[in-house]
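Trainee: Counting from 1 along the sequence shown, just add 19 to a position and that's the residue number in the numbering used here. Virtual Cβ for every residue (Gly too), placed ideally from N, Cα, C. Sharing a structure here in structure tokens format.
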Amino acid sequence: MSSALLDSANSGLLTGGMPTTSQDDVPSIVFIALYAATSLLAAIRLIQYRGTPFFRTYIRIMAFEAIRLVTFIIRIVAAINYSNALKGKGSFNQGYIIAEQIFLGIGFVVPTSTIVGLVETHSSRRDGETGEKKMLFRIMDLALLGAVILGIVAGASFSSALNNDSDLHKIKVERTVSAVATMVVLILLVAYSFHLAKHPRLPRSTTVWLGITAALLLIVPVYRIVIIADPPSNSQAISSKIVFYVFQISFEWIVGLSLLVFNAIAVCAPTPAGSRNWSNQSVSAEEAYGLFTPKHQYQ
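Dropping the structure here:
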């Protein structure tokens, strides 16, 4: 079974390689600590955003933070289980790997959905939302929902693909389509942010923040598409593990931090027509980063 698992890792089926205690315990603990910190910030933001449209948007980020915490807990448990199996102290539980692969396959889609919601709110803050614009964002939401479903299906099919080439090909297609759908949505968000930057009545600082955040997250689906199409010759090599932790996990965490560090009420909330010109007068640092800015728009 261990050889089949390693073969699956080298075939591109196992994102991040097979977790081992020597290679993955330390980075997993580091990211558990990092995600615990941002999970706390996400919880504070949810309390702050109660009674506003941002509450629903940021529940997704809270879900993402929880998914990643669970991902690395599972990764540590899987590494211990795998090490014990190699020593003959028990059998390997594939359920750990299946759960981890599902979470790795859908996690990055969730903050993408949050960015979609923030860009939609930001772009409509002055003049409302046209039917065409609303349709565009709903199509993005549907594309991301499809990406999540494909990610779950692909992860759940991991076991059957270990010894079945047709199932292996099917999973690769599902993961590729999921990553491509997310990539296209992020490209549209970056392009739309460039377009919004020319809008004189929208705060450019918010537009730039959302555009850069989407561009950073774009690295993750691109990375996943590349490793699916051209898997590393040895996914257990330290270099391959470093690439995984940098180009997927680190960028996901940075994006989550970016979405949480700014106060969405202060930087994205709808602005009544006739109020101050946001393009010339930006919010203060206290407003942008504050954890308890008054919600005047929603009271």
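So which of 42, 170, 179, 195 has the shortest CA-CA distance to residue 248?
Mentor: Along the sequence shown, read from residue 1 onward, the residue named residue 248 stands at position 229. When each option's Cα is compared against that of residue 248, the closest is 195.
Trainee: Whose C-alpha, out of 230, 191, 225, is nearest the C-alpha of residue 210?
Mentor: Mapped onto the sequence shown, residue 210 falls at position 191. The candidate whose alpha carbon is nearest that of residue 210 is 230.
Trainee: Can you tell me which of the three DSSP states residue 108 falls into?
Mentor: For the purposes of this step, residue 108 is taken as residue 89 along the sequence shown, with counting starting at 1. Of the three classes helix, strand and coil, the one that applies to residue 108 here is coil, per DSSP.
Trainee: Excluding the 5 residues preceding and the 5 following residue 242 in the sequence, name in chain order all residues of the same chain whose CB lies nearer than 7 Å to its CB.
Mentor: Numbered from 1 along the sequence shown, position 223 holds the residue referred to as residue 242. Cβ neighbours of residue 242 beyond the five flanking positions: 266, 267.
Trainee: Write down the C-beta distance between residue 165 and residue 125 rounded to the nearest angstrom, noting that I regard them as a contact closer than 8 Å.
Mentor: Indexing the sequence shown from 1 puts residue 165 at position 146. Indexing the sequence shown from 1 puts residue 125 at position 106. No, residue 165 and residue 125 are not in contact; Cβ-Cβ is about 11 Å, not under 8 Å.
Trainee: Going by CA-CA distance only, name the one from 75, 80, 66, 115 that's closest to residue 127.
Mentor: The residue given as residue 127 occupies position 108 in the sequence shown. Among 75, 80, 66, 115, the Cα nearest to that of residue 127 belongs to 80.
Trainee: In or out: residue 109 buried (at least 16 other Cβ within 10 Å) or exposed?
Mentor: Here the question's residue 109 lines up with position 90 in the sequence shown. Residue 109 should be labelled exposed.
Trainee: Can you give the Cα-Cα distance for residue 33 and residue 89, rounded to whole angstroms?
Mentor: On the sequence shown, residue 33 is found 14 positions in, with the first residue counted as 1. On the sequence shown, residue 89 is found 70 positions in, with the first residue counted as 1. Rounded to whole angstroms, residue 33 to residue 89 spans 18 Å at the Cα level.
Trainee: To the nearest angstrom, report how far apart residue 149 and residue 273 are at their CA atoms.
Mentor: Taking the sequence shown and counting its residues from 1, the one referred to as residue 149 is at position 130. Taking the sequence shown and counting its residues from 1, the one referred to as residue 273 is at position 254. Rounded to the nearest angstrom, the two C-alpha atoms are 32 Å apart.
Trainee: Hey, how far is the Cα of residue 213 from the Cα of residue 73?
Mentor: Here residue 213 refers to the residue found at position 194 when the sequence shown is read from its first residue. Here residue 73 refers to the residue found at position 54 when the sequence shown is read from its first residue. Roughly 23 Å between the two C-alpha positions.
Trainee: Suppose you measure from the CA of residue 107 to the CA of residue 100; what does that come to, to the nearest Å?
Mentor: In the sequence shown, the residue the question calls residue 107 occupies position 88. In the sequence shown, the residue the question calls residue 100 occupies position 81. If I take the Cα positions, the gap works out to 11 Å.
Trainee: Sort 245, 226, 239 by Cα distance to residue 288 and report the nearest one.
Mentor: Translated into positions along the sequence shown, residue 288 becomes position 269. The shortest Cα separation from residue 288 among 245, 226, 239 belongs to 226.
Trainee: Grab the span of the alpha helix (DSSP H) containing residue 113 for me, first residue to last.
Mentor: By one-based count along the sequence shown, residue 113 stands at place 94. Start and end: 113 to 125.
Trainee: For residue 57 versus residue 236, is the C-beta spacing smaller than 8 Å?
Mentor: Taking the sequence shown and counting its residues from 1, the one referred to as residue 57 is at position 38. Taking the sequence shown and counting its residues from 1, the one referred to as residue 236 is at position 217. Their beta carbons are not under 8 Å apart, which means residue 57 does not touch residue 236 by this criterion.
Trainee: Would you mind working out which of 85, 201, 140 sits nearest residue 285, comparing C-alpha positions?
Mentor: Along the sequence shown, one-based indexing puts residue 285 at 266. Closest by alpha carbon: 140.
Trainee: What is the DSSP secondary structure of residue 69, reduced to helix, strand or coil?
Mentor: For this step, residue 69 is matched to residue 50 along the sequence shown. Coil, per DSSP.
Trainee: What's the gap between the Cα of residue 152 and the Cα of residue 181?
Mentor: Residue mapping note: residue 152 aligns to position 133 of the sequence shown, counting from 1. Residue mapping note: residue 181 aligns to position 162 of the sequence shown, counting from 1. One C-alpha to the other measures close to 44 Å.
Trainee: State the DSSP-derived secondary structure class of residue 157, mapped to helix, strand or coil.
Mentor: Position 138 of the sequence shown, counted from the first residue, corresponds to residue 157. Three-state result, residue 157: helix.
Trainee: In chain order, what residues of the same chain lie with their CB nearer than 8 Å to the CB of residue 232, ignoring the 5 residues before and after it?
Mentor: For this step, residue 232 is matched to residue 213 along the sequence shown. These residues qualify, in order along the chain: 134, 274, 277, 278.
Trainee: Are the Cβ atoms of residue 46 and residue 97 separated by less than 8 Å?
Mentor: The residue given as residue 46 occupies position 27 in the sequence shown. The residue given as residue 97 occupies position 78 in the sequence shown. Contact flag unset, no.
Trainee: Apply the 10 Å Cβ neighbour rule to residue 36 and answer buried if 16 or more other Cβ atoms are within range, or exposed otherwise.
Mentor: The count along the sequence shown starts at 1 and reaches residue 36 at position 17. The residue in question, residue 36, is buried, as its Cβ has 16 or more Cβ neighbours within 10 Å.
Trainee: Residue 295: buried (16+ other C-beta within 10 angstroms of its C-beta) or exposed?
Mentor: Here the question's residue 295 lines up with position 276 in the sequence shown. Note that residue 295 has pLDDT 42, beneath the 50 cutoff, so the model's placement of it is unreliable and no number is given.
Trainee: I need the DSSP call for residue 64, collapsed to helix, strand or coil.
Mentor: Residue mapping note: residue 64 aligns to position 45 of the sequence shown, counting from 1. Three-state result, residue 64: helix.
Trainee: When you compare the CB positions of residue 198 and residue 244, do they come within less than 8 Å of one another, or not?
Mentor: Looking up residue 198 in the sequence shown gives position 179. Looking up residue 244 in the sequence shown gives position 225. Yes; because the gap between Cβ atoms is below 8 Å, this pair is in contact.
Trainee: Confirm, please, whether the CB-CB distance from residue 173 to residue 193 is below 8 Å.
Mentor: Stepping through the sequence shown from its first residue, residue 193 is reached at position 174. Stepping through the sequence shown from its first residue, residue 173 is reached at position 154. In this structure, residue 173 lies closer than 8 Å to residue 193 by Cβ.
Trainee: Would you tell me roughly how many angstroms separate the C-alpha atoms of residue 281 and residue 143, rounded to the nearest one?
Mentor: Taking the sequence shown and counting its residues from 1, the one referred to as residue 281 is at position 262. Taking the sequence shown and counting its residues from 1, the one referred to as residue 143 is at position 124. Near 19 Å, if we compare the C-alpha coordinates of residue 143 and residue 281.
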